[in-house]
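Asks:
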Amino acid sequence: MKLNIPRGTFDLLPGQVEKWQYVENKIRDLCRSYHFSEIRTPIFERTELFQRGVGETTDIVEKEMYSFEDRSGRSLTLRPEGTASVVRSFVEKKMYVEPQPTKLYYMGPMFRYERPQSGRYRQFHQFGVEVFGTEEPDVDAEIIDLGYRLYTSLGLSGVKVELNSVGCPDCRPNHREAMVEYLATKKDQLCQDCQSRLNRNPMRILDCKKESCRQATEKAPRMIHYLCSKCAPHFEAVKEYLDELAVPYEVNTRMVRGLDYYTQTAFEFVLEGKGGGSLGGGGRYNGLVQEVGGPDMAGIGFAVGLERIFLALEEQEITLPVQTGVDCFLVTLGSEAKKYGVTLLKKLRESGLSAERDYLDRKLKGQMKAADRIQAAYVAILGDQELQEKKIGVKSLITGEQETIQLDHLVEYIRNGRKS
RNA sequence: GCGGCCAUGGCGAAGUGGUUAACGCACCGGAUUGUGGCUCCGGCAUUCGUGGGUUCGAUUCCCACUGGUCGCCCCA
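For the first sequence, the working numbering assigns the number 3 to the initial residue and increments by one for each residue that follows.
(1) Tell me the rounded alpha-carbon separation between threonine 345 and glycine 17.
(2) Quick one: measure Cβ to Cβ for lysine 393 and leucine 409, integer angstroms, because I've assumed they're closer than 8 Å.
(3) Just the Cα atoms here: how many angstroms apart are isoleucine 7 and lysine 371?
(4) Please state if the CB of glutamate 66 and the CB of arginine 114 are separated by a distance shorter than 7 Å.
(5) In angstroms with no decimal places, state the Cα-to-Cα distance between arginine 375 and glutamate 309.
(6) By DSSP's criteria, histidine 127 is part of a beta bridge. Which residues make up the other side?
(7) Per DSSP, what are the beta-bridge partners of tyrosine 342 in this structure?
(8) Among Gly135, Ile311, Ser39 and Glu179, which residue has its Cα nearest to the Cα of arginine 202?
(9) Could you tell me if threonine 11 is buried or exposed, where buried requires 16 or more neighbouring beta carbons within 10 angstroms of its beta carbon?
(10) The alpha helix (DSSP H) with valine 168 in it runs from where to where?
(11) Any chance the segment 249-258 sits against the segment 158-166, with 3 or more Cβ pairs inside 8 Å?
(12) By Cβ distance below 6 Å, which residues in the same chain neighbour cysteine 230 in space, the five residues on each side in sequence not counted?
(13) Between the alpha carbons of threonine 60 and threonine 321, how many angstroms are there, rounded?
(14) Taking C-beta to C-beta, are serine 214 and glutamine 197 nearer than 7 Å?
(15) For the alpha helix (DSSP H) that contains tyrosine 36, what are its first and last residues?
(16) Return the Cβ separation of glycine 303 and valine 63 in integer angstroms, given the expectation that the two are a contact with Cβ distance under 8 Å.
(17) For threonine 401, count the other beta carbons within 10 Å of its own beta carbon; 16 or more makes it buried, fewer makes it exposed. Which is it?
(18) How is isoleucine 145 classed by DSSP in three states: helix, strand or coil?
(19) So, with DSSP's three-state summary, where would you put methionine 3?
(20) Note down, in chain order, each residue of its chain lying with its Cβ closer than 7 Å to the Cβ of glycine 336, except the 5 sequence neighbours on either side.
(21) For arginine 81, count neighbouring Cβ atoms within 10 angstroms of its own Cβ and tell me buried if that reaches 16, exposed if not.
(22) Are there 16 or more other CB atoms within 10 angstroms of the CB of tyrosine 228, so buried, or fewer, so exposed?
(23) In three-state terms, what does DSSP make of cysteine 1?
(24) What are the start and end residues of the beta strand (DSSP E) that includes cysteine 330?
(25) Whose CA, out of Gly110, Val141 and Asp140, lies closest to the CA of phenylalanine 126?
(26) Hey, would you say phenylalanine 38 sits closer than 7 Å to alanine 86, going by beta carbons?
(27) So for glutamine 404, helix, strand or coil by DSSP?
(28) From the DSSP output, which residues share a beta bridge with isoleucine 394?
(29) Sorted by chain position, which residues of the same chain lie with C-beta nearer than 7 Å to cysteine 233's C-beta, five sequence neighbours on each side aside?
(30) Helix, strand or coil: which one does DSSP assign to valine 272?
(31) Specify the secondary structure class of phenylalanine 304 as computed by DSSP and reduced to three states.
(32) Please report the distance separating the alpha-carbon of glutamate 403 from that of serine 120.
(33) Kindly indicate the opening and closing residues of the beta strand (DSSP E) around tyrosine 380.
(34) If we count the other Cβ atoms within 10 Å of its Cβ and call it buried at 16 or more, is serine 91 buried or exposed?
(35) Quick one: residues in its chain with C-beta nearer than 6 Å to the C-beta of arginine 359, no 5 flanking neighbours on either side, listed in chain order?
Set out below in structure tokens:
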């Protein structure tokens, strides 16, 4: 039996992995400029954390978790998202006693048991940020801006922010009541799922993609019209700050994010046009810290899917400026030169240049080909003749020009050539 | 969980009930002495995802399984 990679996972091979590194670096730079610190939490957590943190009624918890028992019978789960773990750490490490706010970001693999398809894997990767300890609406706008800038800085176009407010435990019951009342006479027009949502989470019905449900809810009450005296001005202020930051957004009163913990601001980064998929999303979760055992402290965050970014980059035919090749390929001829060559190569490398050589005992022609194949900027040619005279041939594979220089000038020569 | 499509060398891809299973890319070697990219020449699948069936004969037909892919649900 052939051993193959598990379903829904993928190997990142050379050629592709450089693009990931580029995006990851971009993310780190961006986070540093917004003064976010990285946090790394375990890949797995106790199952209860996600049940409590993400919400029992979510699809994630109901049917997508990678749960298993360890040898002592504890139920553990590969993290399906990042927020729960970060909140757990925030509470467990008592970060709430530090001066607030706390601004954290994370990046890494997440796991959900689903049928893989375009832009969806069982092991996928997210970058996300979380801010604890402030309810100020300008923070909401600022992290939306951060996410938006990630996309634009990569060259993506047509990214749009969809914005909504899902209220808070004070105002949501009023909307819920209105929804139930409004839909009482239309229950038979709703799909199976939505009929059960009528009891569990009527607001989610607004977000159903089925045509019949959309028609039934065409004039259904929208949460933003039921916001309380705290949530309404908060929502208005978020919009104002987004205008101030020139982040293009659109209020979507149907959008209700899939996770149970959101309060007030909910948003999604979507790609306009035929692809149209969701690139990422997030929102405020003012009750979550307490739910996980901490103080009553506000939080807000988002997560974006890295695979979705690469899918969008591909669709828009954007080539990332990744660096390949080496600065110098050392060609040696003869046993004396080969022996001396290892030291020369080491010198090049110690000076910070990237350098390569032939390991297959190829002839001159083969070595030249190898140098060309790996896109070496220069080839340094060392034969026994050169070695005797303490000289070395240097050829630029870009211009094709070649000259002979003093052997101990090689590092400097390559370094100068690299700058130009 | 449900549905569509697909499965030929490292990759892409043609093909037929019985042929030495095309071709392109990549790779390796060569085109006289120590110089890459271009060109030319040569090499590179006893085998067509796995198992069964139909047949004188199957890579080609049928079934099952496995895998991939796309979609539904939901989301990143």
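Note that the Cβ used here is the ideal one computed from N, Cα and C, for glycine as well. Because the structure is a prediction, the values reported are computed rather than measured.
Replies: Let me spell this out:
(1) Rounded to whole angstroms, threonine 345 to glycine 17 spans 29 Å at the Cα level.
(2) About 6 Å separates the beta carbons of lysine 393 and leucine 409, which is inside the 8 Å limit, making them a contact pair.
(3) Answer to the nearest angstrom: the Cα atoms are 34 Å apart.
(4) Yes, the pair counts as a contact, with Cβ atoms nearer than the cut-off.
(5) Per the coordinates, the alpha-carbon of arginine 375 lies some 29 Å from the alpha-carbon of glutamate 309.
(6) According to DSSP, which records beta bridges pairwise, histidine 127 is partnered with Pro111.
(7) Within the DSSP secondary-structure output, tyrosine 342 pairs in no beta bridge.
(8) The option with the nearest alpha carbon to arginine 202 is Glu179.
(9) Burial state of threonine 11 is exposed, judged by a 10 Å Cβ sphere holding fewer than 16 other Cβ atoms.
(10) From DSSP, valine 168 is part of no alpha helix (DSSP H); its letter is neither H nor E.
(11) Judged by Cβ distances under 8 Å, the segment 249-258 makes contact with the segment 158-166, as three or more pairs qualify.
(12) Beyond the five residues adjoining it in sequence on each side, cysteine 230 comes within less than 6 Å, by CB distance, of Asp172 and Cys173 in the same chain, given in chain order.
(13) Whole-angstrom Cα-Cα distance: 37 Å.
(14) Not in contact: serine 214 and glutamine 197 (Cβ atoms no closer than 7 Å).
(15) Following the DSSP letters along the chain, one finds tyrosine 36 in no alpha helix (DSSP H), marked with neither H nor E.
(16) At roughly 18 Å, the Cβ-Cβ gap does not stay under 8 Å, so glycine 303 and valine 63 are not in contact.
(17) Exposed, because fewer than 16 other Cβ atoms sit within 10 Å of the Cβ of threonine 401.
(18) The three-state secondary structure of isoleucine 145, taken from DSSP, is helix.
(19) Annotation note: pLDDT 49 at methionine 3 (below 50); position unreliable, coordinate value reported separately. It is coil, neither helix nor strand.
(20) Gly385 and Asp386.
(21) Label assigned to arginine 81: buried.
(22) By the neighbour-count rule (16 or more Cβ atoms within 10 Å), tyrosine 228 is buried.
(23) The structure shown does not extend to residue 1, since the chain is modelled only from 3 to 422, so the question has no answer here.
(24) Counting along the chain, the beta strand (DSSP E) containing cysteine 330 begins and ends at 328-335.
(25) Closest option to phenylalanine 126, Cα to Cα, is Gly110.
(26) For the 7 Å CB-CB criterion, phenylalanine 38 and alanine 86 do not form a contact.
(27) Collapsing the DSSP output to three states places glutamine 404 in a strand.
(28) Bridge partners of isoleucine 394: Ile407.
(29) Excluding positions up to five away in sequence, the list reads Ser167, Gly169, Cys170, Cys173 and Gln266.
(30) Strand, per DSSP.
(31) If DSSP states are grouped into helix, strand and coil, phenylalanine 304 belongs with the strands.
(32) Taking the straight line from one Cα to the other gives about 47 Å.
(33) Per DSSP, tyrosine 380 belongs to the beta strand (DSSP E) from 378-385.
(34) By the neighbour-count rule (16 or more Cβ atoms within 10 Å), serine 91 is buried.
(35) Annotation for arginine 359: Leu332 and Leu347 place their beta carbon closer than 6 Å to its own, counting only its chain and skipping 5 residues before and after.
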